[in-house]
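Our numbering puts the first residue of the sequence shown at 1, with every later residue one more than the last.
In what follows, a structure is listed as C-alpha cells, so that the remarks can point back to it.
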Amino acid sequence: VDKKPEEAVGLLEIECQKVTERIPCLQARVLAAAQIKDPHPGRAGAQDRLGAASKELIGNACTTAVSCADMATWVGDIRQGRSEMGLALAMYERAARADPTEARWLKLADMASGAGEHGRAAEALERIAQRHGGGDPELKQRIQAERSLAGTRLLHH
C-alpha cells in the first residue's frame, strides 16, 4: 500500500464506510491521498482525491468545536507540507473560527503573513488583541506592520 497510494485511497474509500472508528481510517485516507503524485498538475485528479478525503474527514470530525478545529489544523498542516498555502490558510482559518483560541489565531496570522496575506494576518492578530482588551503594545505594532505591508502590496498590483 505504501508504494501505491492510489490503490490505498480506493481501498480506504470503501473500508472507511464499514468501520465504527471512522476518524483514524479517514486520516489514513487523507495521508494516502496526499502521497499521490499528480502526473498532470493543474488538472483534476490527485487534488480532487485529497480534497474529497479531507472534506469527509472534517465532516466526520466536526462533532465538537475543538475536534473540528483540531482536524482542520491537521489538514492545514498537510496542505502546508504540500506548499498549498491557500488551502492551508483556509483550514487554519476554519480552525480559528470553530475554536477561537489565541494559539489558533496566532498560527493563522503567522501563516498568512508568511504567505504574503498581510491583511488576513492583521485580522487574525486583531482577534487576539480583542482578547487582550487592545492594550498590548507589541501586538498593536505587529498589526500596524501587517496593515502597512497589506497596503504596500495593494499599491504594487
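A virtual CB, placed ideally from N, CA and C, is assigned to each residue, including glycine.
Taking 7 angstroms as the cut-off, the beta carbon of L108 is found closer than this to the beta carbon of Y92.
DSSP, read as helix, strand or coil, puts E138 in helix. Going by C-alpha positions, T73 is about 19 angstroms away from Q35.
Distance from the Cα of G10 is smallest, within the candidate group I23, P24, T20 and A52, for A52. The beta carbon of V75 sits closer than 6 angstroms to those of S54 and M91, all from its chain and outside the five residues before and after it, given in chain order.
C-alpha of A69 to C-alpha of A98: approximately 6 angstroms in a straight line. For V19, no alpha helix (DSSP H) run applies, since DSSP gives it neither H nor E. DSSP places P100 in no alpha helix (DSSP H); its state is neither H nor E.
If you look at T64, you'll find it isn't in any alpha helix (DSSP H); DSSP assigns it neither H nor E. Here the alpha carbons of G116 and A61 stand approximately 30 angstroms from one another. Secondary structure note for I128: its alpha helix (DSSP H) is the uninterrupted segment H118 to R131. Cβ neighbours of R82 within its own chain (closer than 7 angstroms, five residues either side excluded): A34.
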